[in-house]
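Asks: For what it's worth, this note's numbering labels the leading residue of the sequence shown as 263, then goes sequentially.
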Amino acid sequence: MNVHSAVRGSGTGALRLGAGVAVISAALVAGLGAQVRSPTGPRLVTVPEGQRTAEQNTVAGQYAALGMPNLAGTYLHYPQLSLLIPHVLYVTGQSGLPPRHRALLGLRTAWLTRSPYLWGHRVPASRAAGLSDDEIARIAGGPDAAGWDPFDAAVLRAADELHIDSFVSDATWQMLSTRYDLNQLVDTVDTVGTLTMHAGMMNSLGIEVESDIKDRLPSVPFSVAATRTNSRLEGRGARIPPQEAAGGRGGAGGNVFRTFNRNPAADRTRGAMNQQVNTTNSLPPRQRELLLMRIGVLCRSEYEYAAHHRAGRRAGLTDADVARILAGPGSSGGDALDTALLRAADELFENDLVSSETWAALAKDLDTRRLFDVLITVGGYRWNSMLINSAGVQLDANMADFRFPPALR
(Lines of atoms letter the chains of each structure in order from A and count residues from 1; the text may use other names and numbers.)
(Lines give C-alpha, C1' and ligand atoms only; values in the text may rest on other atoms or scores of the structure.)
Protein backbone atom coordinates (compact mmCIF):
# COMPACT_ATOMS: atom_id res chain seq x y z
CA MET A 1 0.00 0.00 0.00
CA ASN A 2 1.20 3.55 -0.51
CA VAL A 3 0.26 6.92 0.83
CA HIS A 4 -1.66 7.79 -2.30
CA SER A 5 -4.13 4.95 -1.79
CA ALA A 6 -4.18 5.59 1.95
CA VAL A 7 -5.23 9.20 1.62
CA ARG A 8 -8.06 8.19 -0.68
CA GLY A 9 -9.07 5.18 1.41
CA SER A 10 -12.37 4.91 3.19
CA GLY A 11 -11.78 1.76 5.25
CA THR A 12 -12.23 1.36 8.98
CA GLY A 13 -10.17 3.89 10.91
CA ALA A 14 -9.95 6.44 8.12
CA LEU A 15 -10.46 10.06 9.08
CA ARG A 16 -12.99 11.35 6.57
CA LEU A 17 -12.57 14.96 5.62
CA GLY A 18 -14.21 17.43 3.29
CA ALA A 19 -13.68 17.49 -0.45
CA GLY A 20 -10.16 18.36 -1.49
CA VAL A 21 -8.70 17.71 1.97
CA ALA A 22 -6.19 14.92 2.55
CA VAL A 23 -7.44 11.80 4.29
CA ILE A 24 -4.71 10.63 6.64
CA SER A 25 -5.76 7.10 7.46
CA ALA A 26 -4.74 4.77 10.23
CA ALA A 27 -4.19 2.31 7.42
CA LEU A 28 -1.25 4.42 6.24
CA VAL A 29 0.78 3.05 9.13
CA ALA A 30 0.61 -0.45 7.73
CA GLY A 31 2.62 0.63 4.70
CA LEU A 32 5.41 2.35 6.62
CA GLY A 33 8.74 0.69 6.11
CA ALA A 34 7.25 -2.12 4.07
CA GLN A 35 8.02 -0.79 0.61
CA VAL A 36 11.11 -1.00 -1.59
CA ARG A 37 14.15 0.28 0.21
CA SER A 38 17.27 2.06 -0.97
CA PRO A 39 18.18 2.20 -4.67
CA THR A 40 20.29 -0.67 -5.98
CA GLY A 41 23.20 1.74 -6.37
CA PRO A 42 24.11 5.33 -5.56
CA ARG A 43 22.11 8.00 -7.33
CA LEU A 44 25.10 10.31 -6.93
CA VAL A 45 28.63 8.93 -6.96
CA THR A 46 30.94 10.18 -4.23
CA VAL A 47 33.22 13.01 -5.33
CA PRO A 48 36.65 11.34 -5.86
CA GLU A 49 39.45 12.76 -3.71
CA GLY A 50 41.56 13.65 -6.74
CA GLN A 51 38.73 15.63 -8.33
CA ARG A 52 37.68 17.79 -5.38
CA THR A 53 37.83 21.54 -5.44
CA ALA A 54 39.65 23.46 -2.73
CA GLU A 55 36.30 24.16 -1.11
CA GLN A 56 35.36 20.48 -1.18
CA ASN A 57 38.70 19.48 0.35
CA THR A 58 38.16 21.93 3.20
CA VAL A 59 34.65 20.64 3.80
CA ALA A 60 35.83 17.01 3.65
CA GLY A 61 38.07 17.77 6.61
CA GLN A 62 35.02 18.95 8.54
CA TYR A 63 33.14 15.75 7.74
CA ALA A 64 36.00 13.63 9.11
CA ALA A 65 34.57 14.01 12.62
CA LEU A 66 31.52 11.99 11.54
CA GLY A 67 33.54 8.99 10.36
CA MET A 68 31.19 8.49 7.40
CA PRO A 69 33.33 8.79 4.25
CA ASN A 70 30.69 7.76 1.71
CA LEU A 71 28.18 10.19 3.20
CA ALA A 72 30.83 12.92 3.15
CA GLY A 73 31.79 12.16 -0.44
CA THR A 74 28.14 12.35 -1.51
CA TYR A 75 27.26 15.47 0.46
CA LEU A 76 30.32 17.17 -1.08
CA HIS A 77 28.22 17.71 -4.21
CA TYR A 78 26.66 20.46 -2.08
CA PRO A 79 29.51 21.78 0.13
CA GLN A 80 27.18 24.18 1.94
CA LEU A 81 25.63 21.20 3.74
CA SER A 82 28.64 21.02 6.05
CA LEU A 83 26.69 23.52 8.18
CA LEU A 84 24.58 20.52 9.28
CA ILE A 85 27.55 18.69 10.84
CA PRO A 86 27.52 20.39 14.28
CA HIS A 87 23.97 19.29 15.02
CA VAL A 88 24.65 15.68 13.99
CA LEU A 89 27.61 15.70 16.37
CA TYR A 90 25.38 17.22 19.04
CA VAL A 91 22.65 14.56 18.91
CA THR A 92 25.07 11.65 18.56
CA GLY A 93 27.58 12.64 21.21
CA GLN A 94 27.03 15.96 22.94
CA SER A 95 23.37 16.20 23.96
CA GLY A 96 22.13 16.05 27.52
CA LEU A 97 20.95 12.46 27.14
CA PRO A 98 22.86 9.56 28.69
CA PRO A 99 25.01 7.83 26.03
CA ARG A 100 22.94 4.65 26.39
CA HIS A 101 19.75 6.50 25.52
CA ARG A 102 21.36 8.28 22.57
CA ALA A 103 22.34 4.84 21.32
CA LEU A 104 18.84 3.41 21.77
CA LEU A 105 17.25 6.32 19.91
CA GLY A 106 19.83 6.27 17.12
CA LEU A 107 19.52 2.56 16.41
CA ARG A 108 15.74 2.47 16.73
CA THR A 109 15.51 5.40 14.27
CA ALA A 110 17.86 3.58 11.88
CA TRP A 111 15.58 0.54 12.12
CA LEU A 112 12.36 2.49 11.66
CA THR A 113 13.74 4.33 8.62
CA ARG A 114 15.17 1.08 7.23
CA SER A 115 18.50 2.81 6.69
CA PRO A 116 21.38 0.36 6.16
CA TYR A 117 23.89 3.18 6.22
CA LEU A 118 22.69 4.73 9.47
CA TRP A 119 22.37 1.33 11.18
CA GLY A 120 25.85 0.26 10.10
CA HIS A 121 27.41 3.38 11.58
CA ARG A 122 25.33 3.57 14.76
CA VAL A 123 26.06 -0.01 15.87
CA PRO A 124 29.77 0.54 16.67
CA ALA A 125 28.91 3.80 18.47
CA SER A 126 26.23 1.95 20.43
CA ARG A 127 28.66 -0.74 21.52
CA ALA A 128 30.99 2.01 22.69
CA ALA A 129 28.07 3.44 24.70
CA GLY A 130 27.70 0.12 26.51
CA LEU A 131 24.97 -1.71 24.60
CA SER A 132 25.49 -5.44 24.32
CA ASP A 133 25.08 -7.35 21.07
CA ASP A 134 21.92 -8.92 22.48
CA GLU A 135 20.46 -5.47 23.21
CA ILE A 136 21.41 -4.21 19.76
CA ALA A 137 19.64 -7.16 18.13
CA ARG A 138 16.62 -6.66 20.44
CA ILE A 139 16.21 -3.03 19.28
CA ALA A 140 14.65 -4.35 16.07
CA GLY A 141 11.93 -5.90 18.25
CA GLY A 142 11.08 -2.49 19.64
CA PRO A 143 9.91 -1.34 23.06
CA ASP A 144 7.62 -4.33 23.60
CA ALA A 145 10.40 -6.90 23.22
CA ALA A 146 11.12 -8.83 26.40
CA GLY A 147 14.08 -7.63 28.44
CA TRP A 148 13.86 -3.85 28.43
CA ASP A 149 13.41 -2.02 31.69
CA PRO A 150 10.40 0.34 31.69
CA PHE A 151 12.42 3.50 31.05
CA ASP A 152 14.46 2.03 28.19
CA ALA A 153 11.16 0.86 26.70
CA ALA A 154 9.76 4.41 26.96
CA VAL A 155 12.82 5.81 25.17
CA LEU A 156 12.33 3.34 22.32
CA ARG A 157 8.57 3.96 22.26
CA ALA A 158 9.18 7.69 21.81
CA ALA A 159 11.09 6.93 18.61
CA ASP A 160 8.21 4.78 17.30
CA GLU A 161 5.59 7.40 18.16
CA LEU A 162 7.58 10.16 16.49
CA HIS A 163 8.12 8.09 13.38
CA ILE A 164 4.47 7.13 12.99
CA ASP A 165 2.59 10.05 14.58
CA SER A 166 5.14 12.91 14.70
CA PHE A 167 4.21 13.23 18.38
CA VAL A 168 5.24 11.76 21.73
CA SER A 169 2.11 10.52 23.48
CA ASP A 170 1.03 11.80 26.89
CA ALA A 171 1.86 8.47 28.55
CA THR A 172 5.36 8.28 27.06
CA TRP A 173 6.06 11.97 27.78
CA GLN A 174 5.03 11.48 31.39
CA MET A 175 7.26 8.42 31.74
CA LEU A 176 10.25 10.23 30.26
CA SER A 177 9.57 13.20 32.54
CA THR A 178 10.17 11.03 35.60
CA ARG A 179 13.92 11.19 34.85
CA TYR A 180 14.44 13.77 32.14
CA ASP A 181 14.51 17.52 32.53
CA LEU A 182 13.09 19.87 29.91
CA ASN A 183 16.28 19.95 27.83
CA GLN A 184 16.53 16.17 27.78
CA LEU A 185 12.93 15.88 26.62
CA VAL A 186 13.73 18.21 23.72
CA ASP A 187 16.94 16.28 23.02
CA THR A 188 14.94 13.05 22.75
CA VAL A 189 12.75 14.45 19.99
CA ASP A 190 15.68 16.27 18.39
CA THR A 191 17.70 13.06 18.12
CA VAL A 192 14.94 11.16 16.35
CA GLY A 193 14.08 14.09 14.07
CA THR A 194 17.66 14.82 13.04
CA LEU A 195 18.52 11.22 12.26
CA THR A 196 15.22 10.71 10.43
CA MET A 197 16.07 13.59 8.11
CA HIS A 198 19.53 12.22 7.37
CA ALA A 199 18.23 8.66 6.96
CA GLY A 200 15.80 9.89 4.31
CA MET A 201 18.73 11.53 2.54
CA MET A 202 20.97 8.47 2.88
CA ASN A 203 18.25 6.17 1.55
CA SER A 204 17.17 8.46 -1.28
CA LEU A 205 20.72 9.18 -2.43
CA GLY A 206 21.59 5.48 -2.28
CA ILE A 207 24.65 6.02 -0.11
CA GLU A 208 26.42 2.67 0.16
CA VAL A 209 27.79 1.21 3.37
CA GLU A 210 31.61 1.22 3.38
CA SER A 211 33.32 -2.16 3.05
CA ASP A 212 34.87 -1.93 6.51
CA ILE A 213 31.46 -1.46 8.18
CA LYS A 214 30.25 -4.98 8.92
CA ASP A 215 26.98 -4.48 10.80
CA ARG A 216 23.77 -4.81 8.80
CA LEU A 217 20.09 -4.33 9.56
CA PRO A 218 18.71 -7.41 11.32
CA SER A 219 16.74 -9.75 9.09
CA VAL A 220 13.55 -9.77 11.14
CA PRO A 221 10.02 -8.65 10.19
CA PHE A 222 9.43 -4.91 10.34
CA SER A 223 7.09 -3.77 13.09
CA VAL A 224 6.31 -0.60 15.02
CA ALA A 225 4.89 -0.07 18.50
CA ALA A 226 2.82 3.02 17.73
CA THR A 227 -0.33 4.05 15.92
CA ARG A 228 -1.38 7.13 14.02
CA THR A 229 -3.51 9.18 16.43
CA ASN A 230 -3.33 12.78 15.15
CA SER A 231 -3.77 13.78 18.80
CA ARG A 232 -2.32 17.25 19.26
CA LEU A 233 -2.06 19.87 22.00
CA GLU A 234 -3.39 22.94 20.16
CA GLY A 235 -5.88 24.56 22.51
CA ARG A 236 -4.91 22.24 25.36
CA GLY A 237 -1.79 24.16 26.35
CA ALA A 238 1.95 23.77 25.90
CA ARG A 239 4.00 21.06 27.53
CA ILE A 240 6.94 23.45 27.31
CA PRO A 241 5.74 27.03 27.85
CA PRO A 242 7.43 29.74 25.76
CA GLN A 243 10.31 31.43 27.51
CA GLU A 244 9.41 34.95 28.59
CA ALA A 245 12.16 37.57 28.73
CA ALA A 246 13.35 39.03 32.02
CA GLY A 247 10.79 41.37 33.59
CA GLY A 248 7.85 39.60 31.90
CA ARG A 249 8.19 41.60 28.69
CA GLY A 250 7.83 38.53 26.49
CA GLY A 251 10.40 36.73 24.40
CA ALA A 252 11.47 37.62 20.88
CA GLY A 253 9.68 36.11 17.90
CA GLY A 254 6.87 33.59 17.66
CA ASN A 255 6.03 30.81 20.09
CA VAL A 256 8.25 28.31 18.32
CA PHE A 257 11.37 30.43 18.83
CA ARG A 258 10.49 31.22 22.42
CA THR A 259 9.94 27.53 23.16
CA PHE A 260 13.17 26.07 21.83
CA ASN A 261 15.47 28.87 22.93
CA ARG A 262 15.10 27.25 26.34
CA ASN A 263 17.57 24.60 25.16
CA PRO A 264 20.27 26.90 23.76
CA ALA A 265 22.93 24.26 23.06
CA ALA A 266 20.62 22.37 20.73
CA ASP A 267 18.93 25.50 19.37
CA ARG A 268 22.21 27.02 18.22
CA THR A 269 23.21 24.05 16.09
CA ARG A 270 19.66 23.17 14.98
CA GLY A 271 19.36 26.65 13.51
CA ALA A 272 21.62 25.65 10.63
CA MET A 273 18.93 23.37 9.23
CA ASN A 274 16.31 26.10 9.47
CA GLN A 275 18.73 28.51 7.80
CA GLN A 276 19.26 26.05 4.95
CA VAL A 277 15.55 25.56 4.42
CA ASN A 278 14.39 29.15 4.76
CA THR A 279 17.33 31.31 3.71
CA THR A 280 19.93 29.57 1.54
CA ASN A 281 17.64 26.98 -0.04
CA SER A 282 18.21 26.69 -3.79
CA LEU A 283 14.55 25.88 -4.51
CA PRO A 284 12.32 28.74 -5.69
CA PRO A 285 10.19 30.02 -2.77
CA ARG A 286 6.94 28.69 -4.22
CA GLN A 287 8.30 25.12 -4.46
CA ARG A 288 9.82 25.34 -1.00
CA GLU A 289 6.55 26.49 0.58
CA LEU A 290 4.59 23.81 -1.28
CA LEU A 291 6.82 21.15 0.31
CA LEU A 292 6.66 22.75 3.76
CA MET A 293 2.88 22.97 3.72
CA ARG A 294 2.56 19.35 2.59
CA ILE A 295 4.83 17.99 5.33
CA GLY A 296 2.84 20.10 7.81
CA VAL A 297 -0.32 18.31 6.63
CA LEU A 298 1.29 14.87 6.78
CA CYS A 299 2.70 15.46 10.28
CA ARG A 300 -0.55 17.13 11.32
CA SER A 301 1.49 20.14 12.48
CA GLU A 302 -0.91 23.06 12.28
CA TYR A 303 1.74 25.53 13.43
CA GLU A 304 4.04 24.66 10.51
CA TYR A 305 1.18 24.59 8.04
CA ALA A 306 -0.13 28.00 9.13
CA ALA A 307 3.32 29.63 9.13
CA HIS A 308 4.07 28.40 5.62
CA HIS A 309 0.55 28.89 4.30
CA ARG A 310 1.06 32.58 4.95
CA ALA A 311 4.54 32.51 3.38
CA GLY A 312 3.28 30.38 0.50
CA ARG A 313 0.62 32.93 -0.42
CA ARG A 314 3.33 35.58 -0.60
CA ALA A 315 5.35 33.23 -2.83
CA GLY A 316 2.47 32.84 -5.28
CA LEU A 317 0.54 29.76 -4.14
CA THR A 318 -3.11 29.98 -5.24
CA ASP A 319 -6.33 28.59 -3.78
CA ALA A 320 -6.03 25.70 -6.26
CA ASP A 321 -2.45 25.04 -5.13
CA VAL A 322 -3.49 24.95 -1.48
CA ALA A 323 -6.31 22.51 -2.31
CA ARG A 324 -3.79 20.20 -4.03
CA ILE A 325 -1.41 20.47 -1.07
CA LEU A 326 -4.20 19.36 1.23
CA ALA A 327 -5.39 16.59 -1.09
CA GLY A 328 -1.94 15.27 -1.98
CA PRO A 329 -0.23 14.16 -5.20
CA GLY A 330 -3.09 11.90 -6.26
CA SER A 331 -5.36 14.89 -6.84
CA SER A 332 -6.04 16.32 -10.28
CA GLY A 333 -4.53 19.51 -11.65
CA GLY A 334 -1.12 21.06 -11.16
CA ASP A 335 1.93 20.63 -13.33
CA ALA A 336 4.18 17.58 -13.41
CA LEU A 337 6.88 19.09 -11.20
CA ASP A 338 4.41 20.14 -8.50
CA THR A 339 3.01 16.60 -8.51
CA ALA A 340 6.50 15.10 -8.24
CA LEU A 341 7.36 17.41 -5.34
CA LEU A 342 4.20 16.46 -3.46
CA ARG A 343 4.87 12.80 -4.18
CA ALA A 344 8.43 13.12 -2.84
CA ALA A 345 7.10 14.59 0.41
CA ASP A 346 4.62 11.72 0.81
CA GLU A 347 7.22 9.07 0.01
CA LEU A 348 9.73 10.47 2.48
CA PHE A 349 7.05 10.60 5.15
CA GLU A 350 5.83 7.09 4.44
CA ASN A 351 8.99 5.22 3.43
CA ASP A 352 11.95 7.52 4.23
CA LEU A 353 12.89 7.16 0.59
CA VAL A 354 12.07 8.94 -2.66
CA SER A 355 11.15 6.27 -5.20
CA SER A 356 13.05 5.83 -8.45
CA GLU A 357 10.05 7.03 -10.47
CA THR A 358 9.68 10.21 -8.43
CA TRP A 359 13.43 10.85 -8.39
CA ALA A 360 13.55 10.62 -12.18
CA ALA A 361 10.61 13.02 -12.47
CA LEU A 362 12.29 15.54 -10.19
CA ALA A 363 15.65 15.21 -11.94
CA LYS A 364 14.09 16.32 -15.23
CA ASP A 365 13.72 19.83 -13.82
CA LEU A 366 15.99 20.09 -10.77
CA ASP A 367 19.76 20.18 -10.58
CA THR A 368 21.75 18.35 -7.92
CA ARG A 369 21.56 21.07 -5.29
CA ARG A 370 17.81 21.42 -5.69
CA LEU A 371 17.40 17.65 -5.35
CA PHE A 372 19.32 17.84 -2.07
CA ASP A 373 17.12 20.72 -0.95
CA VAL A 374 13.95 18.74 -1.61
CA LEU A 375 15.22 16.11 0.83
CA ILE A 376 16.34 18.66 3.43
CA THR A 377 13.19 20.75 3.19
CA VAL A 378 10.87 17.79 3.74
CA GLY A 379 13.07 15.97 6.26
CA GLY A 380 14.02 19.11 8.16
CA TYR A 381 10.46 20.23 8.66
CA ARG A 382 9.27 16.75 9.51
CA TRP A 383 11.85 17.02 12.29
CA ASN A 384 10.59 20.49 13.23
CA SER A 385 7.01 19.19 13.25
CA MET A 386 7.99 16.44 15.69
CA LEU A 387 9.42 19.09 18.01
CA ILE A 388 6.50 21.50 17.68
CA ASN A 389 3.85 18.82 18.13
CA SER A 390 5.55 17.17 21.10
CA ALA A 391 6.31 20.44 22.90
CA GLY A 392 2.74 21.63 22.33
CA VAL A 393 3.71 24.92 20.69
CA GLN A 394 0.51 26.95 20.43
CA LEU A 395 -0.44 28.96 17.35
CA ASP A 396 0.67 32.58 17.14
CA ALA A 397 -2.03 35.25 16.96
CA ASN A 398 -1.20 36.09 13.32
CA MET A 399 -1.98 32.54 12.18
CA ALA A 400 -5.77 32.75 12.58
CA ASP A 401 -6.41 33.17 8.84
CA PHE A 402 -4.02 30.40 7.76
CA ARG A 403 -5.08 27.43 9.86
CA PHE A 404 -5.97 23.91 8.82
CA PRO A 405 -9.47 23.41 7.46
CA PRO A 406 -11.78 22.53 10.39
CA ALA A 407 -11.83 18.83 9.43
CA LEU A 408 -8.07 18.59 10.00
CA ARG A 409 -8.00 20.26 13.42
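The beta carbon of each residue, even a glycine, is placed where N, CA and C say it ideally should be.
Which residues in the same chain have their Cβ closer than 6 Å to the Cβ of D614, if we skip the five residues on either side of it in sequence?
Replies: Excluding sequence neighbours, D614 sits near T375, A461, G462, N465.
Asks: I'd like the span of the alpha helix (DSSP H) that includes P386, first residue to last.
Replies: 378-390
Asks: I need the DSSP call for D583, collapsed to helix, strand or coil.
Replies: helix
Asks: Take every Cβ of the segment 622-631, pair it with every Cβ of the segment 433-451, and state whether three or more of those distances are shorter than 8 Å.
Replies: No, the segment 622-631 is not in contact with the segment 433-451.
Asks: Are R520 and Q505 close, meaning C-beta to C-beta below 8 Å?
Replies: A contact, by the Cβ cut-off of 8 Å.
Asks: Just to confirm the assignment, what range does the alpha helix (DSSP H) spanning D432 have?
Replies: 432-439
Asks: Within the continuous alpha helix (DSSP H) that includes G358, where are the two ends?
Replies: Element bounds for G358: n/a, residue is neither H nor E.
Asks: For N525, which three-state DSSP category applies?
Replies: coil
Asks: Contact check, H363 vs V417 under 8 Å by CB: the rounded distance?
Replies: Indeed they touch by this definition, with Cβ atoms about 5 Å apart.
Asks: What alpha helix (DSSP H) runs, 4 residues minimum, are completely inside the segment 409-469?
Replies: 412-427, 432-439, 444-467
Asks: With a Cβ-Cβ cutoff of 8 Å, do Q318 and N517 count as a contact?
Replies: no
Asks: Once you ignore the five residues that flank T434 on each side, which residues in its own chain have a CB closer than 8 Å to its CB?
Replies: A416, R419, A420, E423
Asks: Contact check, L552 vs I502 under 8 Å by CB: the rounded distance?
Replies: The C-beta distance from L552 to I502 rounds to 29 Å, too long to meet the 8 Å contact threshold.
Asks: Which of the three DSSP states, helix, strand or coil, is assigned to S652?
Replies: helix
Asks: Just to confirm before moving on: does the CB-CB distance between W373 and A407 stay below 8 Å?
Replies: no
Asks: Can you give the Cα-Cα distance for N253 and P378, rounded to whole angstroms?
Replies: Missing from the structure shown is residue 253; the chain here goes from 263 to 671 and no further.
Asks: Roughly how many angstroms separate the alpha carbons of V482 and G355, rounded to a whole number?
Replies: 28 Å
Asks: Along the chain, where does the alpha helix (DSSP H) that runs through G558 open and close?
Replies: 547-560
Asks: Over the uninterrupted alpha helix (DSSP H) stretch that includes Q342, give me the two end residues.
Replies: Unbroken run through Q342: none, as it is neither H nor E.
Asks: Which word fits G239, buried or exposed, when buried means at least 16 other C-beta atoms lie within 10 angstroms of its C-beta?
Replies: In the structure as shown, the chain starts at 263 and stops at 671, and residue 239 therefore has no counterpart that could be examined.
Asks: Identify whether I638 lies in helix, strand or coil by the three-state DSSP scheme.
Replies: helix
Asks: Just tell me which of A488, G533, R400 has its CA closest to the CA of W645.
Replies: G533
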